[in-house]
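J.:
Protein chains: 2
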Amino acid sequence: MNILDDINHLLPVAGINIATAAANISYADRTDLTLIEIAVGSTTSAVFTQNAFCAAPVTVAKQHLKQTAPRYLLVNAGNANAGTGQAGIDAAIACCESIASELDCDVNQVLPFSTGVIGENLPVDKIKKVIPDLKIDLNPHHWMAAANAIMTTDTVPKGVSCQVNIANQVVTITGIAKGVGMLRPNMATMLAYITTDAKIEQSILDNCLTKAVAQSLNRITVDGDTSTNDACVLVATGQSKVTISELNLSEFQQALDKVFETLAKALVRDAEGATKLITINVSEAQNTSESDRVAYTVAHSPLVKTAFFASDPNWGRILAAVGRAGVKDLNIDKLKIFIGDVCIVENGGRSASYSEELGQKVMNESEITIHIQLGRGQASSTIWTCDFSYDYVKINAEYRS
Amino acid sequence: MNILDDINHLLPVAGINIATAAANISYADRTDLTLIEIAVGSTTSAVFTQNAFCAAPVTVAKQHLKQTAPRYLLVNAGNANAGTGQAGIDAAIACCESIASELDCDVNQVLPFSTGVIGENLPVDKIKKVIPDLKIDLNPHHWMAAANAIMTTDTVPKGVSCQVNIANQVVTITGIAKGVGMLRPNMATMLAYITTDAKIEQSILDNCLTKAVAQSLNRITVDGDTSTNDACVLVATGQSKVTISELNLSEFQQALDKVFETLAKALVRDAEGATKLITINVSEAQNTSESDRVAYTVAHSPLVKTAFFASDPNWGRILAAVGRAGVKDLNIDKLKIFIGDVCIVENGGRSASYSEELGQKVMNESEITIHIQLGRGQASSTIWTCDFSYDYVKINAEYRS
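Protein sequences appear in the order of chains S and E. The first sequence begins at 84 in this note's numbering and counts up one residue at a time. The second sequence begins at 84 in this note's numbering and counts up one residue at a time.
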């Protein structure tokens, strides 16, 4: 397996063309509209936000996906088209109709996606105006342009390619993603598009996506705020010579998982105001619901996050977060906590081997792992999060201005 | 009922003496040790943190309280004596022994309380050294001095008195509290002491405390981080002429509730970095577990909190938080959200009557109420929280330095 996470050299995937344009939706002087063209004969699987207030494009995309295989994905940045009621639904459908008319397909073969401010009406006319430009721009080599055009408060485009040999043939997977705030995906994160040239029937593809998301995009959190617009799409064009079946599935799934994990970590590294990537590993839990609860409680603690921002080995805050995570009958004498390789808590208090110097050394690094061993069972969870800085507050206090 | 929330004029309570001293535990040039003397014949009730990593003084105070009626409460600021294992328990008991010896009582008649940094050993010798000074300083009029001496990152002392006529006699209630970060009490908040001169038998007093806490200190949150050291103590000295029984309980409870609510709101107003007091009222829920979940999800959303800091009516963030709160089968068409008197969401999206101007007017105020009507039932919850500012990050990134 060969992972290429250089955004400047994302690999084209046979059967996928991409175009971008500047529709001037909310930002000046940048591209903000992306069209992904999917060849006839491809299979497509998608997962969406579980926020009860899901955005209009999510509602429309789900309906269209039920009816037929998609040919086009239309993505705008700068306006979420969420909290917009029936007018929002009408606007999303109008955009799909415009693509269908310009590119000669059914309206339900177009899936709409939006990201940006919640609660403002989508400027449909601005979008319609540049659709002819999108048609001309369609090209297999425009992945980086798309990774740029889907960004909102992201500071860098996120994308990854992977090539894996299956049955002596090369399978290519390329994906892009965006989302650095209002980010605790619950089914999928805010806009991720992953494609492969392998041939994969629908039921297998659905399983591949579910598995990959469960271990990657659904295990990251910046601020605990699940978005109204999360969507993740996996497309298999089938234009390589490889068909994925139960026989070679594990090789493909492994490559796909790596692509998803790379994208998920890239989102957290670029999280709003973040200076550190923090991996939280909770083990020896009675079940994964318990290990998840402890991991997310630590990940969402503003006190833990600000201590990491300050590179302060203030481990008492991790201990306090574990203690309030609601684990029934937690025996604190059996619990151990490590930052990196340094044991900070054992036997119900500070480890005898701990020193401020050892803790400080780990905290100074930009990627840090917290290991929490509950001493209760065999289950474990790993999630990724980030620190909490002045800039998170600044970005989110100023986002609409 | 007469509420006096002027910290400079807290009323003495017959049977209660107070002393403070500077033990130089962590801060220079300020008092950091408080002793509250309780007259013989008083009843005392207390609730403590439910954090599994409860601090050593919490463990000791609970044990002592089971054995006998307390005569002294000893409170230090600057060191939490939490995460300190057996050494922490020994240190807490040593401080109690020192008080018992100096003031001639049993060691289990002394309850210890600590607040400050987690994970550092309590400097017992520094505390012992000033205990003779505490003995000399004991006086009924030292409430404000105590409210000051228990502070950590608090910027103002918090206290309130209340006088209520029951059976043509005056009952006095006076209480103080501290705690502005690592604050989402679960049983009680970080150090609150409330006393009254009414005579109240133990079982009634326990009920009074449970009820008052449930509607006040247990309904505030700054950052969702339940402390390791939370403790709230209610003392009834019985030195007025009023005995509280089932006959006059409701009048007393009403006054007590008002005292607790005043203290709880004072903590949130002084929350680390806070610029606004936000009341979140969730109604029309199927049950209070549901209304609580929605209220706390909104209260803990970093995006909602930073929008309030910016006085930005970015109501989409409130909508997104409600949508991710895990209310099963939430019908968004029946849901209504108001900020102040302004309806922001109805019929599944932005209210037709909403304008940015109306929203901005409410957001500019320093005390704001969010009303969320779920349209599902009769249950409701009210909690208090605050915004999230640069200064929260600053205070918590720099707290140990």
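Here a beta-carbon is modelled for each residue, glycine too, at the ideal position from N, C-alpha and C. Treat the numbers as computed from the prediction; the structure is a model and nothing was measured.
Answer yes if the segment 86-103 of chain S comes into contact with the segment 241-251 of chain S, meaning at least three C-beta pairs across the two stretches below 8 Å, and no otherwise.
T.: yes
J.: In terms of alpha-carbon separation, which member of S:Leu350, S:Ile363 and S:Val158 lies closest to S:Ser464?
T.: S:Ile363
J.: So E:Ala250 and E:Val325 are in contact, right, with Cβ under 8 Å, and what is the actual spacing, rounded?
T.: With 8 Å as the limit, E:Ala250 and E:Val325 qualify as a contact, their Cβ atoms being about 6 Å apart.
J.: Hey, is S:Met234's beta-carbon within less than 8 Å of any beta-carbon in chain E?
T.: no
J.: Mind checking the segment 453-475 of chain E against chain S and listing, in chain order, the residues whose C-beta falls within less than 8 Å of any C-beta there?
T.: Phe471, Ser472, Tyr473 and Tyr475
J.: Residues of chain E with CB closer than 8 Å to the CB of S:Pro385, please, in chain order.
T.: Chain-order list of chain E residues neighbouring S:Pro385: Asp306, Gly307, Asp308, Pro385, Phe471, Tyr475 and Asn479, by C-beta distance under 8 Å.
J.: Classify E:Lys149: buried if its beta carbon has 16 or more other beta carbons within 10 angstroms, exposed otherwise.
T.: exposed
J.: Could you pull the DSSP bridge partners for E:Ala319 from this structure?
T.: E:Thr126 and E:Thr279
J.: Could you check the C-alpha separation between E:Ala347 and E:Ile466 for me, to the nearest Å?
T.: 10 Å
J.: Tell me whether the beta-carbon of E:Arg459 lies closer than 8 Å to the beta-carbon of E:Glu367.
T.: yes
J.: How many whole angstroms separate the CB atoms of E:Ile277 and E:Gly258, which I take to be in contact at a CB cut-off of 8 Å?
T.: Indeed, because the Cβ distance is near 3 Å, the residues count as touching under 8 Å.
J.: Could you tell me which chain S residues have their CB closer than 7 Å to the CB of E:Met265, listed as they occur along the chain?
T.: For E:Met265, the neighbours in chain S by C-beta distance under 7 Å run, in chain order, Leu386 and Ala403.
J.: Pull out every residue of the segment 343-373 of chain S whose Cβ sits closer than 8 Å to any Cβ of chain E, in chain order.
T.: Against chain E - using a Cβ distance shorter than 8 Å - the segment 343-373 of chain S contributes no residues.
J.: What number of angstroms, rounded off, separates the C-alpha of E:Ile427 from the C-alpha of E:Asn397?
T.: 10 Å
J.: Hey, would you say the C-beta of E:Ile210 is under 7 Å away from at least one heavy atom of the ligand GTP?
T.: This structure does not include the ligand GTP; it has no bound ligands of any sort.
J.: Which ranges does the beta strand (DSSP E) cover as unbroken runs of at least 3 residues, wholly within the segment 211-254 of chain S, from first to last along the chain?
T.: Fully enclosed beta strand (DSSP E) runs of no fewer than 3 residues occupy 241-249 of the segment 211-254 of chain S, in order along the chain.
J.: Does S:Asn134 come within less than 8 Å of chain E when only Cβ atoms are used?
T.: yes
J.: Sorted by chain position, which residues of the same chain lie with C-beta nearer than 8 Å to E:Ala105's C-beta, five sequence neighbours on each side aside?
T.: Asp112, Arg113, Thr114, Asp115, Leu116 and Val213
J.: By the three-class DSSP mapping on this structure, what secondary structure does E:Ala368 have?
T.: Shown here, E:Ala368 sits in a strand according to DSSP, grouped into three states.
J.: In whole angstroms, what is the alpha-carbon distance linking S:Val351 and S:Gly98?
T.: 30 Å
J.: Taking only three categories from DSSP, how would you classify S:Asn479?
T.: helix
J.: Please state if the CB of E:Val296 and the CB of E:Val130 are separated by a distance shorter than 8 Å.
T.: Inclusion of E:Val130 and E:Val296 in the CB contact set at 8 Å is warranted, their separation being smaller than that value.
J.: Could you tell me whether the Cβ of S:Asn191 comes closer than 8 Å to any Cβ of chain E?
T.: no
J.: Mind listing the chain S neighbours of E:Arg433? Cutoff is C-beta to C-beta under 8 Å, in chain order.
T.: Gly166, Thr167, Gly168 and Gly202
J.: Less than 8 Å between the CB atoms is what I'm expecting for E:Val141 and E:Ile176, so what's the real figure, rounded?
T.: Their Cβ separation, rounded to whole angstroms, is 13 Å, which puts E:Val141 and E:Ile176 out of contact at 8 Å.
J.: When we look at the beta-carbon of E:Met270 and count the other beta-carbons within 10 Å, is it buried (16 or more) or exposed?
T.: Because E:Met270 carries a pLDDT of 45, less than 50, the predicted location of this residue cannot be relied on, and no value is offered for it.
J.: Checking 8 Å against the spacing of the C-beta atoms, do S:Phe392 and E:Ala480 come in under that value?
T.: Going by C-beta atoms, S:Phe392 is nearer than 8 Å to E:Ala480.
J.: Under 8 Å between the Cβ atoms of E:Ala404 and E:Val381?
T.: yes
J.: How many angstroms separate the CA atom of S:Ser128 from the CA atom of S:Gln192?
T.: 13 Å
J.: So S:Asp340 packs on E:Pro385, CB below 8 Å; how close in whole Å?
T.: Between E:Pro385 and S:Asp340 the Cβ distance is about 29 Å, and since that is not below 8 Å, they are no contact.
J.: What does S:Ile101 pair with, by DSSP beta-bridge criteria?
T.: S:Ile119 and S:Asn222
J.: Any chance the segment 370-378 of chain S sits against the segment 443-462 of chain S, with 3 or more Cβ pairs inside 8 Å?
T.: Touching, per the Cβ criterion.
J.: Looking only at C-alpha atoms, which of E:Ala165, E:Pro95 and E:Val387 sits nearest to E:Ser310?
T.: E:Ala165
J.: Using the beta-carbon of each residue, which ones in chain E are nearer than 8 Å to S:Gly399?
T.: Ala163, Ala165, Gly166, Val200, Ile201, Gly202 and Thr311
J.: Does DSSP put E:Ala314 in a helix, in a strand, or in coil?
T.: strand
J.: Taking C-alpha atoms, which residue in E:Tyr475, E:Asn430 and E:Gly423 lies nearest to E:Glu450?
T.: E:Gly423
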